[in-house]
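Novice: Quick one: structure below, then a few questions.
Quick look at the structure:
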């Protein structure tokens with residue numbers, strides 16, 4: 002929404018300087034996105050007519066323009082814009098002009114051609130508009146006229162405001178002025194149009210009838226008829242204001258319709274009465290599949306939730322509250338104008354406008370909720386502004402009502418106001434804050450009964466009114482306190498563990514990647530993952546239409562990206578959510594937090610070492626690796642990770658076929674586990690073990706083991722055989738070759754034995770050695786190498 | 005005999021001083037102080053002397069021995085120091101030559117910038133007495149919109165370009181558009197008082213450009229307690245501004261609109277130079293939202309606030325394009 006300071010001042014004596022008014026608009030919840038000073042520094046800029054356009058002999062991006070600046074002579078200008086044609090009226094900054102931005106215009110040569118001034122774009126003049134083109138003025142101006150006079154520009158300030166959806170009143174200049182007047186504590190008054198001087202025409206009821214067949218969607222429908230209208234260009238002041246507000250002047254009738262909407266927030270629709278067939282209008286729901294060509298020349302198809310304004314023959318003429326039709330458009334031949342002003346159900350307009358893909362200035366206001374009670378004033382204002390363009394005004398106004406929302410009265414507890422805002426405002430002060438913005442109050446003991454004004458449909462409950470009190474009391478005046486209660490902040494165990502996982506991986510040299518959780522549909526198949534995926538109903542692009550069921554595809558794409566940018570050997574990790582179709586029906590999909598690592602150019606043992614480091618960092622007990630195939634993984638270099646007997650993921654290398662499918666040329670060591678589940682399982686316990694003061698003894702044992710027996714099984718057997726005297730077990734050699742049978746290898750371990758309460762005797766050590774060998778032999782079929 | 009002893013001591017001192025290696029020193033040591041040394045020989049003769057003379061000569065022998073031992077120790081210290089110097093010199097390295105040799109490097113990894121920003125924000129709020137809550141990224145309509153006071157068809161839903169999922173009834177399952185559904189889950193599952201923040205990933209149907217991503221990160225806070233007012237909201241925002249940015253920063257609130265808070269505000273961070281940065285939205289939790297979560301709005305009141313995390317990550321290091329933040333280019337990740 003834009004607002005001109007001069008226009009705001011028509012409703013209230015807002016004397017504060019433009020910056021203070023801008024600040025006030027922000028403090029009231031209508032922040033200024035841009036503030037433009039209009040009409041400053043336009044001395045020396047005049048209206049000129051384009052006489053001739055020629056190519057510049059030395060330059061492509063500049064053309065030569067001959068203009069007549071009022072003296073009938075051709076004046077050559079070099080110009081970088083190409084949007085004008087011969088005969089156009091354009092603004093010329095003459096030699097000696099100082100532009101609003103301080104630039105001084107002098108006679109100068111551009112690539113060998115003289116330029117005797119400058120043709121101006123709207124921003125160069127401090128006006129809103131396209132900086133790439135020259136401002137082309139409408140017809141009817143004399144050449145040589147100062148631009149300020151031609152445009153009817155006064156020195157003014159244009160605010161471009163952001164309006165929140167709960168402030169339909171702020172979508173009108175009058176509404177903004179009401180809020181500002183209350184803020185600055187100055188009087189506010191709406192216009193009081195005087196149309197007594199306009200001749201009275203026929204009785205409006207003799208000219209048309211209006212039928213409202215959809216009272217739930219159309220709460221009020223009014224029509225006035227203006228007779229003997231002369232359609233032509235608007236009053237310069239109206240056209241100028243519309244231009245500044247970002248609307249194109251069309252003709253006096255359409256312009257006044259827009260002007261009234263901007264001023265009072267009430268959209269209207271003018272019809273050429275002669276072209277409304279059937280003697281009137283019918284407001285009704287569309288039939289499913291019904292069609293109409295709207296004013297923008299697009300054929301629209303409707304459903305039963307859309308509201309149509311039809312002529313007396315039930316032929317659709319426009320879409321209620323959204324856009325008119327072409328058939329009854331105002332033209333120069335129009336003499337009798339039917340002015341529709343209505344109130345439409347906001348939610349219905351919002352839905353129709355969204356479904357039809359039409360957003361108009363009218364629909365933007367109707368969908369937020371217009372003031373059903375401003376219509377009489379707006380109709381009168383329409384007539385007043387059209388002025389001498391109106392011959393006679395038909396007697397009376399057709400006013401058909403439907404269902405209008407009630408105007409609620411709300412009990413406002415003074416204690417609640419202060420309890421919510423943290424203030425100590427007295428009842429009378431609350432009254433003084435609310436009355437100027439139209440919230441009528443009546444004392445009820447310490448409290449107030451507040452009647453919500455018809456232009457604030459967003460406001461309906463006590464808390465809504467408290468917000469108004471806060472807004473006009475001033476957020477900046479409300480104090481600033483830290484909450485009083487004693488409470489303690491901390492990371493939960495899970496959050497601390499998650500940080501520990503990140504810390505250990507970062508400490509071991511991995512960097513954290515954050516790929517998008519979206520995948521292309523074929524990514525899952527390329528990664529050879531067997532999961533049923535969740536798909537996005539309305540993806541922006543097909544390549545991002547599936548939610549990842551694993552972190553694998555995203556990290557492989559990341560490695561491929563880095564390889565393609567000559568970064569080989571990257572070490573990455575990711576903590577993130579994965580999404581799968583659940584095995585059993587449940588309200589939401591199966592969503593889990595996973596952690597994965599991907600080491601480009603590394604082999605499976607590196608991934609195992611990282612998994613062990615991670616597990617150590619958060620003290621995961623009872624964990625094991627078991628050689629097993631896993632989706633997308635290298636068939637002979639993968640193990641599943643189990644914790645407390647539950648499979649949580651896998652570790653090893655990515656399958657070369659999958660790597661190839663993702664364009665990754667290096668090997669990739671990998672693990673991915675269900676971190677959420679891991680952290681659900683018992684972990685983190687580290688009871689103190691007293692460090693023995695007695696000497697320890699080492700024994701080395703090498704076992705010849707069939708290849709299919711995992712080293713982990715041998716180590717487990719050693720632990721079980723050696724018992725509690727074993728304080729350290731280290732594998733130190735793997736040997737295949739002479740002296741070891743085919744299909745076997747020798748696994749050598751160093752066992753450190755120690756007791757907490759004594760020095761071990763040779764006999765005890767020998768005993769442990771024997772028991773260990775016996776256990777390993779029995780459990781794994783390995784034999785001791787001597 | 006005294007003269008003889010003096011000669012042995014004086015000559016011996018010179019011998020020790022002249023030793024040029026530790027090996028030579030050891031040889032001299034054996035020769036002059038060992039069992040077969042001249043001094044030992046003199047000592048063996050003591051038994052045959054008269055008591056008075058034995059005492060005198062004995063003392064002289066001991067003195068001579070002490071002198072020789074001192075001379076040996078002094079020379080040993082000198083030679084050992086020289087040896088160490090020689091060894092250290094032999095170990096000389098050009099550290100700049102070896103520092104970057106492959107295989108020797110120990111490189112620290114890097115947390116993602118967004119994680120770094122999130123953890124810093126979490127730490128500040130923990131310091132302010134908050135705990136952290138989390139929730140799913142896939143949500144239902146009720147938690148993402150309905151419970152937050154967005155009725156079906158409400159135009160305010162247009163503020164969010166929602167990505168819906170093919171799951172359950174059409175239009176019921178979605179990628180959360182904000183972290184606010186976690187508020188609902190917290191209020192449904194734990195009785196007040198509540199002092200929590202809720203960081204996380206959120207989604208919008210938005211084309212990626214320099215300032216927008218379809219996936220980004222937010223953090224929001226929720227306080228529900230007895231007697232909590234708008235002034236406490238302002239105080240908390242201000243405390244955060246000072247704790248996170250510095251004591252000379254301040255904050256201000258401006259009226260705004262969100263369906264789930266009322267009164268609502270946008271909050272700006274005021275820099276010491278007088279400029280400000282628009283940060284996020286906040287407000288008093290709407291009574292309807294409390295009611296939707298089974299909390300009596302006449303008994304409990306509270307506020308909520310929220311803002312984007314990615315912008316912090318981006319602006320702290322002068323990253324000018326949000327897409328770079330998510331390129332996962334190692335040359336980017338390793339900068340921070």
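Chains as they are written, first to last, in the numbering used here: chain V, 2 to 787; chain B, 5 to 340. No residue lacks a Cβ here, since even glycine has one placed at the ideal position from N, Cα and C.
1. Leaving out five residues on either side along the sequence, give the residues of the same chain with a beta carbon under 6 Å from the beta carbon of residue 547 of chain V.
2. Taking the Cβ atom as the reference point for each residue, do residue 674 of chain V and residue 650 of chain V lie within a distance shorter than 8 Å?
3. Taking Cβ to Cβ, would you say residue 240 of chain B is nearer than 8 Å to residue 219 of chain B?
4. According to DSSP, what are the bridge partners of residue 260 of chain B?
5. Counting only C-beta atoms, is residue 171 of chain B closer than 8 Å to chain V at any point?
6. Could you name the residues of chain V that residue 338 of chain B contacts, counting a contact when the two beta carbons are closer than 7 Å?
7. Is the region 449 to 468 of chain V in contact with the region 381 to 401 of chain V, if contact means three or more CB pairs nearer than 8 Å?
8. Could you tell me the distance, in whole angstroms, from the CA atom of residue 593 of chain V to the CA atom of residue 127 of chain B?
9. Spatial neighbours of residue 62 of chain V within its chain, please: C-beta separation below 7 Å, excluding the five flanking residues on both sides.
10. Less than 8 Å between the C-beta atoms of residue 312 of chain V and residue 363 of chain V, yes or no?
11. Give me the Cα-Cα distance between residue 178 of chain V and residue 310 of chain V, rounded to the nearest whole angstrom.
12. For residue 437 of chain V and residue 233 of chain B, I'd like the C-alpha separation in whole angstroms.
13. How big is the Cα-Cα spacing for residue 699 of chain V and residue 745 of chain V?
14. Listed in chain order, which residues of the region 163 to 187 of chain V have Cβ atoms closer than 8 Å to some Cβ of chain B?
15. List, in chain order, every chain V residue whose beta-carbon is nearer than 7 Å to that of residue 242 of chain B.
16. Using a beta-carbon distance below 8 Å, is residue 4 of chain B in contact with chain V?
17. Exposed or buried, what is residue 373 of chain V when buried is set at 16 or more other beta-carbons lying within 10 Å of its beta-carbon?
18. Give me the Cα-Cα distance between residue 644 of chain V and residue 687 of chain V, rounded to the nearest whole angstrom.
19. Which ranges does the beta strand (DSSP E) cover as unbroken runs of at least 3 residues, wholly within the region 259 to 340 of chain B, from first to last along the chain?
20. I'd like to know whether the C-beta of residue 62 of chain B is nearer than 8 Å to at least one C-beta of chain V.
21. Could you name the residues of chain V that residue 34 of chain B contacts, counting a contact when the two beta carbons are closer than 8 Å?
22. Contact criterion: CB-CB distance below 8 Å. Does residue 251 of chain V meet it with respect to chain B?
23. Can you pull out the residues from the region 531 to 550 of chain V whose beta carbon lies closer than 8 Å to at least one beta carbon of chain B?
24. Our contact map puts residue 256 of chain V next to residue 243 of chain V with C-beta atoms below 8 Å; I'd like the distance itself, whole angstroms only.
25. Let me check one thing: in DSSP terms, what residues is residue 168 of chain B bridge-paired to?
26. When burial is assigned at 16 or more other CB atoms within 10 Å of the CB, is residue 20 of chain V buried or exposed?
27. How long is the line joining the alpha carbons of residue 250 of chain V and residue 235 of chain V, rounded to whole angstroms?
28. Taking Cβ positions only, does residue 639 of chain V come closer than 8 Å to chain B?
29. Please report the Cβ distance between residue 16 of chain B and residue 36 of chain B, rounded to the nearest whole angstrom; I am assuming they are in contact, meaning their Cβ atoms lie under 8 Å.
30. Which chain B residues sit within Cβ distance under 9 Å of residue 507 of chain V?
31. What residues in the region 202 to 215 of chain B bring their beta carbon closer than 7 Å to a beta carbon of chain V?
32. Below 8 Å between beta carbons: does that hold for residue 328 of chain V and residue 276 of chain V?
33. For residue 2 of chain V, tell me which candidate among V:241, V:93, V:705 and V:175 has the shortest Cα-Cα distance.
34. Given that a residue counts as buried once 16 or more other Cβ atoms are within 10 Å of its Cβ, and exposed if not, what is residue 194 of chain B?
35. Please state whether DSSP places residue 702 of chain V in a helix, a strand or coil.
36. Please classify residue 367 of chain V: is it buried, with 16 or more other beta-carbons within 10 angstroms of its beta-carbon, or exposed?
Specialist: Put simply:
1. 520, 522, 534 and 536
2. yes
3. no
4. Bridge partners of residue 260 of chain B: B:268.
5. yes
6. 512
7. No, the region 449 to 468 of chain V is not in contact with the region 381 to 401 of chain V.
8. 25 Å
9. 81
10. no
11. 33 Å
12. Their backbone Cα atoms lie some 25 Å apart in a straight line.
13. 26 Å
14. 165, 166, 167 and 168
15. 481
16. Nothing about residue 4 of chain B can be reported from this structure: the residues present for chain B run from 5 to 340 only.
17. buried
18. Between the C-alpha atoms of residue 644 of chain V and residue 687 of chain V there is a straight-line separation of about 17 Å.
19. The qualifying runs are 265 to 274, 280 to 289 and 305 to 312.
20. Closer than 8 Å: no.
21. Chain V residues near residue 34 of chain B: none, gap ~37 Å exceeds 8 Å.
22. no
23. 535, 536, 537, 538, 539, 540, 541, 545 and 548
24. The Cβ separation is near 6 Å, so the contact holds.
25. B:178
26. exposed
27. 7 Å
28. no
29. 5 Å
30. For a Cβ distance threshold of 9 Å, residue set 112, 113, 114 and 115 of chain B lies close to residue 507 of chain V, ordered along the chain.
31. Hits within the stretch, in order: 209 and 211.
32. yes
33. Here the closest residue by C-alpha is V:175.
34. exposed
35. Strand.
36. Within 10 angstroms of the beta-carbon of residue 367 of chain V lie 16 or more other beta-carbons, which makes it buried.
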